[in-house]
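Visitor: Structure incoming, see below.
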Amino acid sequence: MNDTCYHCSLPVTNSNKVQITIKDSVQDFCCAGCASVCQTIHEAGLGAFYSQQTASLLPAVDLEYPLEFYDSSVFQRPFLEASDSGTKTMNLISDTIHCAACVWL
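If you're matching positions, the sequence shown starts at 83 in my numbering and goes up one per residue.
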């Protein structure tokens, strides 16, 4: 048994282990969620994601502010660019994205 989750690298124990077959090989996961996401990634033909990884997919840290704050104009004003059609564009750089799958996919 592997001691870390194939998807997120969290510990896998006998009490939380979920196994599924990926590309003819049984893989260990820490939960059904990671197993399901991994299976979906492979079924969509995006399995190369796992060869692109340079770090583990450990969970993100808690947010500094409530989620509603990020919807406020006070937060958004310095980052948003509005077009004449009303479309808003925001470019962000984050050094703490925990799940490269979400970005890569």
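Virtual Cβ for every residue (Gly too), placed ideally from N, Cα, C.
Since the model is a prediction, treat every value here as computed from it, not as a measurement.
For residue 187, count the other beta carbons within 10 Å of its own beta carbon; 16 or more makes it buried, fewer makes it exposed. Which is it?
Guide: Walking along the sequence shown from the start, residue 187 turns up at place 105. Caution is warranted here: a pLDDT of 48 is assigned to residue 187, below 50, making its placement in the model unreliable, and the coordinate value is therefore given only provisionally. Exposed: under 16 other Cβ atoms inside 10 Å.
Visitor: Using 10 angstroms around the beta-carbon of residue 88, count the other beta-carbons present and answer buried if the total reaches 16, otherwise exposed.
Guide: Here the question's residue 88 lines up with position 6 in the sequence shown. Residue 88 is buried by the Cβ-count criterion.
Visitor: If you run the structure through DSSP and keep just helix, strand and coil, what is residue 110?
Guide: To locate residue 110, count along the sequence shown from 1; it is residue 28. DSSP places residue 110 in strand when its eight states are reduced to three.
Visitor: On the three-state DSSP scale, how would you describe residue 187?
Guide: One-based indexing of the sequence shown puts residue 187 at position 105. Any reading at residue 187 needs caution, since the residue's pLDDT is 48, under 50, leaving its predicted position unreliable; the model's value is listed next. It is coil, neither helix nor strand.
Visitor: Looking at residue 88 and the ligand GDP, is the gap between the Cβ and the nearest heavy atom below 7 Å?
Guide: With respect to the ligand GDP, the structure offers nothing, as it holds no ligand at all.
Visitor: Starting from residue 160, follow its DSSP beta bridges and name the residues at the other end.
Guide: Counted from its first residue, the sequence shown places residue 160 at position 78. Looking at the DSSP assignment, residue 160 forms no beta bridge with any residue, so it has no partner.
Visitor: Report the residue from 134, 165, 95, 111 whose alpha carbon sits nearest the alpha carbon of residue 102.
Guide: Indexing the sequence shown from 1 puts residue 102 at position 20. Considering only alpha carbons, the answer is 111.
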